[in-house]
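Undergrad: Following this message is one structure expressed as structure tokens.
There are 4 protein chains.
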Amino acid sequence: MTNKINKRKISLRELPSGEELSLKVIEVDGSFEGPHCYIQASVHGAEHQGNAVIYKLLEYLETNPIIGKITLLPIANPLAMNTKIGTYTFGRFNSNTGDNWNRLYFDFSKSSTEVYDFAKVHIDEDDKNICKEYKKLLKELILNKKAEHTAYGPQYNGLLNLTLQELATDSDYVLDLHTGPIAARYLYVPEYLEKRSEDLYFPHRLIIPNEFGGAMDEATFMPWINLQNEFKKLGRDFKIPFESYTVELGSEERISLIEAESDLLHILNYLHLRGMIKNAPKKVKKSNQLKCKLKDYKTYYAPKGALYDYQVSPGAHFKKGDVLAVGINFENLYRDEPVKFEVKALADGVLINHYPSSSVQSGAELIQAMENVYL
Amino acid sequence: MTNKINKRKISLRELPSGEELSLKVIEVDGSFEGPHCYIQASVHGAEHQGNAVIYKLLEYLETNPIIGKITLLPIANPLAMNTKIGTYTFGRFNSNTGDNWNRLYFDFSKSSTEVYDFAKVHIDEDDKNICKEYKKLLKELILNKKAEHTAYGPQYNGLLNLTLQELATDSDYVLDLHTGPIAARYLYVPEYLEKRSEDLYFPHRLIIPNEFGGAMDEATFMPWINLQNEFKKLGRDFKIPFESYTVELGSEERISLIEAESDLLHILNYLHLRGMIKNAPKKVKKSNQLKCKLKDYKTYYAPKGALYDYQVSPGAHFKKGDVLAVGINFENLYRDEPVKFEVKALADGVLINHYPSSSVQSGAELIQAMENVYL
Amino acid sequence: MTNKINKRKISLRELPSGEELSLKVIEVDGSFEGPHCYIQASVHGAEHQGNAVIYKLLEYLETNPIIGKITLLPIANPLAMNTKIGTYTFGRFNSNTGDNWNRLYFDFSKSSTEVYDFAKVHIDEDDKNICKEYKKLLKELILNKKAEHTAYGPQYNGLLNLTLQELATDSDYVLDLHTGPIAARYLYVPEYLEKRSEDLYFPHRLIIPNEFGGAMDEATFMPWINLQNEFKKLGRDFKIPFESYTVELGSEERISLIEAESDLLHILNYLHLRGMIKNAPKKVKKSNQLKCKLKDYKTYYAPKGALYDYQVSPGAHFKKGDVLAVGINFENLYRDEPVKFEVKALADGVLINHYPSSSVQSGAELIQAMENVYL
Amino acid sequence: MTNKINKRKISLRELPSGEELSLKVIEVDGSFEGPHCYIQASVHGAEHQGNAVIYKLLEYLETNPIIGKITLLPIANPLAMNTKIGTYTFGRFNSNTGDNWNRLYFDFSKSSTEVYDFAKVHIDEDDKNICKEYKKLLKELILNKKAEHTAYGPQYNGLLNLTLQELATDSDYVLDLHTGPIAARYLYVPEYLEKRSEDLYFPHRLIIPNEFGGAMDEATFMPWINLQNEFKKLGRDFKIPFESYTVELGSEERISLIEAESDLLHILNYLHLRGMIKNAPKKVKKSNQLKCKLKDYKTYYAPKGALYDYQVSPGAHFKKGDVLAVGINFENLYRDEPVKFEVKALADGVLINHYPSSSVQSGAELIQAMENVYL
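Protein chains in written order, with my numbering: chain C, 1 to 375; chain V, 376 to 750; chain S, 751 to 1125; chain D, 1126 to 1500.
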């Protein structure tokens, strides 16, 4: 009655010294058929907490049977995690090209001929079959794209992302585990999942449009939006069975196994509500779940080069006019301005992220906050 | 009869220590009215040769009268140039956000209401007046956009680029001086300038679509394409008077004043053909000018992590099957593969760039080459 | 009756773009003669808290009269502070040469001819005069050394440090404000000041030998040790009037003005006990002051490449066998080892620092701890 | 009659993602007994050419019998080679600690008790036996030191170096293959080998004192100097049989297999002259071999932040007053200084290295040159 746990490696990249880096894929199969949940962590190299959660989940899965299948992918981007410069991790983007690792997924939302043809052919089939067949099509499209990406040699940027997309293709639920810099816990949620996303019990949610911007969540849900649109044109109202979330688990450059236990409860609760785990976890906290639209997710840019003392903690509420940060600039001594100055809130909000260092160039992303929040 | 040379500074950014970095704007006005040519260098921090050319041009302008106006902007991105890590320059993208400095310009090609209205109002005016008035509109649009970009503090990424766009707004010709890694001399040319671009006498040209991709050349010519389209809808055939090129001056991380003299001849020749300089420079070389379409500009990705010995020099022709690079991978000793392997050409071509180091991760951009070249 | 506050700049270095970075020297003179205390911060570019303390001290000095003179030098190494790569600061060492900024001070402890001659000449003078004259000699030696360092151009590494040494030369007390990575508050104290250092009321002290290792504290106290030795040979027992400490103010990459207020109390208390401030600050906490010898200050190196969850906070005591950190290494799945492993204490101790990130290469400095602590 | 070639791996370090980096040791045993030559490359991560030479030598050894044994260690520091930031390699020092990888070897020149005892015991033995026994002692000392270095976990910095020292311990000749930034080919030669080093036919040699400074060459020859000194005290005149050189093979960040063929000839010639190869290679060039003392190896520091155009090539001679580099600084426009300035030679010399980029901060190591050269 226990799960079958299979681990394998996918060779990913060779270092200049010749050594290889690999993906470590852990596939957990329950004894009963059911949905497939795909969970990856650390596409951004400095965002570690997801790995602690995956470790805790793996521990859980060693003794607790599931219905369906869970694929775990810790350290989804080993190259990025290993790019330490000094003691910190230079992992947000390819240090060679600058490309943000979470903006390089491929957009299959526009490949309309195939999707249009698919919709026409399957217009009268039942949802379950459509779902199964559409996943096959997606896999095929991804494999074709991978072939293109290797014609002149393996193009690392896109190839890593296509490989992750391929791993996620036959899943029903995708959780892409990230963190912010110094950050609260929050979700990116596409509009069509605003209601369903409540099941993760996260304290903050950013509601993003059903559009493609290059990220994993979008890359996996957009093909379904696309299919829905094609069906609509043909007169069928298709309900998307697929869910995909970017899950932000606090601050970067750290793990906490204790916090991972609490993070795990959220995920187990979600899996329970999706029928993959029999019993709901006790003790999971259903806090007030604040939301805002992406357009109301505001960035404050540093007004001066300075040392900043952040005055509002991630997750805390502030009012218009509140001091968000205090800056110290000794160059001001020489232009007869006060050394100390304040950065004030332009509107009421909830602080989500702040810059992870006190020394900041003018124009850098100092603070990110939700405005116009609603329940 | 000499030119008036005016220099001013635009405050740009403050460092964490409080010091300021500025743009150094040099405006050269001839005694006679004429076109305005805007020339900037080093938007990418490691691409230095353009500054040597601007130095040589400034020297020239101190004693040689021009017709019209030339704006010189050396070191257009001082923050990027100063981002030295080790002895090299980490200047291609914002080291904080990963954004490529030459993909952050603003797209005014879509702001259709204003452009449509402008076209309607000016449909019957002469080209010269349209040109003058349209530049005013562009300036206004840029200033509005800058206001948006400072509402929550000065957003460095876009603000630098908007400032550069603003400086270029009332020009007729824009030369954005760049370099490749280890590279030949070549131009990026929009389709509508394929013929006119010959006047720069450059040995290689990449013909890019009339589309916006975020770069300076596109950001400055696209509003004119946009205007042309609006006029066409209204039945007027408008010839774009504006020209904009990305000018690639060889390899990064170096300057050569001797090569700058030759580069200068190309620019002086261009200025002469545009009526800004009376006499054509002698000695400028009009070599065969090879072209290819952007879709035929191919990147070879490193097939293995290895030390590479590049076998074809920038500017050299190669045949399908030729060895482009030889790699050495000592890890191969342990998998019974030969230590040495070859990267061969998949088609005939002309090598434009190669990676600036021999130690390369698999999947990195090893070589870039033109295929299907034509005269 | 208020202090005179004078601020000046010392030009320090030019960036590749041409802009200058400067030292910002703030000299505060009381109305009455007295000792001279020199305080600098941020020789290491990521160690910011000292600047917040200097800001608070400057604020205090604007209204509270002192006896003697205080020189404040915030941001003692602007180049290092500005070396941001990603969002963090690459400030511990020269990114070009690797030299640790706090190991580049010049050793005047060996320049024996001059010191020997000085001792012979001044053998019968009183302490005060010796002190005054010896500072003159030191200044002269530093200026000679600076001349050497500029003969073939300005050698930045040593020149910055010689400039700082020069600024500190005529002081009686030197406080060099630093921080650790994730760290407790502690002092580096030379053996001869073990007793006197109590006046700073710091919770932890590392007692270092009276030897030169390249740091600011050593560079400023060693000439006095040297003089004492020369006098001893000549039969005079000379008590060193000079004090110098490296003051570690918690963790890097952050400032806290609230903590700076508490840090300030320690410094004001010290200045009071040295006769520079009339009244003792109230509220300063005299905690238990734990000490250990430098040889008992131990570094634990990461046993594996892994993600670490640190189990003991800076300042906390632990027992032999306690778990200091837990690591997670998913590669272990493929060698049949448990993913999770523990790093245990090899002896009782007090944790002082740990690595500032959870992702760690094997062999990196994971944890630093005091062993064999005593009161 | 062919050589036996054995390859093995030594596990070296784990990355945060869990993967291991290893040393790749290639041991080549000839059919006849003879000396042992140890050759390593790329202790500094950006210095690649040595690996091309080792590749060529390995190719040679596959078909040409040797007398004695050759140990080849390409990519001696894979972590450093893999530390790519941008497209370049950040490989000169530990990016975490700043420690120069070639200054971390252990100094066994002072461990006098053991060496003194050894000298006393072996005072009357023949050279060959002394040599054999002393190598055993050195190995033992290194193993003890390694034990110390792992007591609190594996201290990567020293441990890598101790491992390399261990590999070299039973050799008679050590060649440590490096490169400069943009550089000539030259040798570091200890005084006691000034004459013998001629056998490498290198065009430039820096004669360094018989002292320990942390580098591989010093770490391997100093124990022999030390032994010689102990023997001298005991009245025996011991001729050091051991040789060790730092071999600088041109510029960093590149390999050239064609140049490697020429470099190989130098090494084969040396091995021939040491009796390890029967026939001298033809075609090896014995150029004039210029030398200077280390004290006459001068560094020019950049006088200004600027873009530099280097005027003298590595290996070229220059006269006092010659222009070594021209700088361009546009900030000068705003202080009424000429944009262009010159860096002139302060004495006659031969240029050995220059900075690998044109954009330079003031105070950086611009140029290195030999003065007072002699044949």
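Ideal Cβ positions, reconstructed from N, Cα and C, are used throughout, including at glycine.
Predicted model only: the values in this text are computed from it and were never measured.
Tell me the start and end of each unbroken alpha helix (DSSP H) in the segment 472-539 of chain V that is at least 4 residues and wholly inside, in chain order.
TA: Here the runs fully enclosed are 487-497, 502-525.
Undergrad: What are the complete alpha helix (DSSP H) segments, minimum 4 residues, inside the segment 165-233 of chain C?
TA: Here the runs fully enclosed are 216-233.
Undergrad: So what does DSSP say about residue 1050/S, is it helix, strand or coil?
TA: Residue 1050/S falls in the strand class under three-state DSSP.
Undergrad: If we count the other Cβ atoms within 10 Å of its Cβ and call it buried at 16 or more, is residue 627/V buried or exposed?
TA: Flag for residue 627/V reads buried.
Undergrad: Below 8 Å, how does it come out for the segment 1153-1167 of chain D and the segment 1299-1310 of chain D: are there three or more Cβ pairs, yes or no?
TA: Touching, yes, given that three or more Cβ pairs across the two stretches are closer than 8 Å.
Undergrad: So, does the CB of residue 18/C fall closer than 8 Å to a CB anywhere in chain V?
TA: Cβ-Cβ to chain V under 8 Å: yes for residue 18/C.
Undergrad: Please check if any C-beta of chain D sits within less than 8 Å of the C-beta of residue 382/V.
TA: It does: the Cβ of residue 382/V has a partner Cβ on chain D nearer than 8 Å.
Undergrad: For my contact list, residue 1279/D and residue 1112/S are in at a C-beta cut-off of 8 Å; report their separation, rounded to the angstrom.
TA: Between residue 1112/S and residue 1279/D the Cβ distance is about 6 Å, and since that is below 8 Å, they are a contact.
Undergrad: Going straight from the alpha carbon of residue 1023/S to that of residue 1015/S, what length do you get?
TA: The straight-line gap from Cα to Cα measures roughly 12 Å.
Undergrad: Cα separation between residue 997/S and residue 1107/S?
TA: Answer to the nearest angstrom: the Cα atoms are 23 Å apart.
Undergrad: If we call anything under 8 Å between Cβ atoms a contact, is residue 344/C one with residue 321/C?
TA: For residue 344/C and residue 321/C, yes; Cβs fall inside 8 Å.
Undergrad: If we cut at 8 Å on Cβ distances, does residue 1221/D have a partner in chain C?
TA: Chain C, which has a Cβ nearer than 8 Å to the Cβ of residue 1221/D, makes this yes.
Undergrad: Counting only C-beta atoms, is residue 960/S closer than 8 Å to chain V at any point?
TA: Taking Cβ atoms only, chain V never reaches closer than 8 Å to residue 960/S, which makes this a no.
Undergrad: Output needed for residue 490/V: all residues of its chain with C-beta closer than 7 Å, excluding positions within five of it in sequence on either side, in chain order.
TA: So the list reads 601, 602, 605, once near-sequence residues are dropped.
Undergrad: Measuring alpha carbon to alpha carbon, tell me which of 752/S, 766/S, 801/S ends up nearest residue 781/S.
TA: Answer by Cα proximity: 752/S.
Undergrad: Output yes or no for whether 8 Å exceeds the beta carbon distance between residue 775/S and residue 833/S.
TA: It is not a contact, given that the beta carbons lie outside the stated cut-off.
Undergrad: What does the alpha-carbon distance come out to for the pair residue 569/V and residue 512/V?
TA: Between residue 569/V and residue 512/V, the C-alpha separation is close to 27 Å.
Undergrad: For the beta strand (DSSP E) containing residue 67/C, list its first residue and its last residue.
TA: Where residue 67/C is concerned, the enclosing beta strand (DSSP E) stretches over 67-73.
Undergrad: CB-CB under 6 Å to residue 1467/D, same chain, minus the five flanking residues each way: which ones, in chain order?
TA: Result list for residue 1467/D: 1448, 1451, in chain order.
Undergrad: Give the interface partners of residue 28/C over in chain S, defined as CB-CB distance under 9 Å, in chain order.
TA: Near residue 28/C there are no residues of chain S at all, since even the closest Cβ is about 13 Å away, more than 9 Å.
Undergrad: Out of 1017/S, 973/S, 777/S, 1028/S, which has the shortest C-alpha to C-alpha gap to residue 891/S?
TA: Residue 891/S has its Cα closest to that of 973/S, out of 1017/S, 973/S, 777/S, 1028/S.
Undergrad: Rounded to whole angstroms, what's the CA-CA distance from residue 519/V to residue 595/V? Just pull it up for me.
TA: In a straight line, the C-alpha of residue 519/V is about 17 Å away from that of residue 595/V.
Undergrad: Taking only the alpha-carbon atoms, compute the straight-line gap between residue 1049/S and residue 1115/S and give it to the nearest angstrom.
TA: C-alpha separation (whole angstroms): 6 Å.
Undergrad: Using 8 Å as the threshold, is the C-beta distance between residue 1132/D and residue 709/V below it?
TA: Closer than 8 Å, so yes.
Undergrad: In three-state DSSP terms, what is residue 1436/D?
TA: The answer is coil: DSSP assigns residue 1436/D none of H, G, I, E or B.
Undergrad: Does DSSP put residue 295/C in a helix, in a strand, or in coil?
TA: Looking at residue 295/C - three-state DSSP - the assignment turns out to be helix.
Undergrad: DSSP three-state label for residue 1175/D, please.
TA: Three-state result, residue 1175/D: helix.
Undergrad: Would you kindly work out how many angstroms separate the C-alpha atoms of residue 830/S and residue 1206/D, rounded to a whole number?
TA: Their Cα atoms are separated by approximately 24 Å.
Undergrad: Could you check the C-alpha separation between residue 373/C and residue 290/C for me, to the nearest Å?
TA: The straight-line gap from Cα to Cα measures roughly 6 Å.
Undergrad: Quick one: what does DSSP say residue 1056/S is sitting in, helix, strand or coil?
TA: Looking at residue 1056/S - three-state DSSP - the assignment turns out to be strand.
Undergrad: If you draw a straight line from the C-alpha of residue 34/C to the C-alpha of residue 793/S, how long is it?
TA: Whole-angstrom Cα-Cα distance: 59 Å.
Undergrad: For a contact meaning CB atoms closer than 8 Å, what does residue 1485/D contact in chain S?
TA: 766, listed in chain order.
Undergrad: In three-state DSSP terms, what is residue 370/C?
TA: Reduced to three states, the DSSP call for residue 370/C is strand.
Undergrad: Between which two residues does the alpha helix (DSSP H) carrying residue 263/C extend?
TA: It spans 257-273 - the alpha helix (DSSP H) in which residue 263/C sits, taken as one unbroken run.
Undergrad: Using the rule of at least 16 other Cβ atoms within 10 Å of the residue's Cβ for burial, across every protein chain shown, is residue 1214/D buried or exposed?
TA: Classification for residue 1214/D: buried.
Undergrad: On a Cα-Cα basis, can you pick out the residue from 1456/D, 1218/D, 1406/D, 1277/D that is closest to residue 1046/S?
TA: It is 1277/D.
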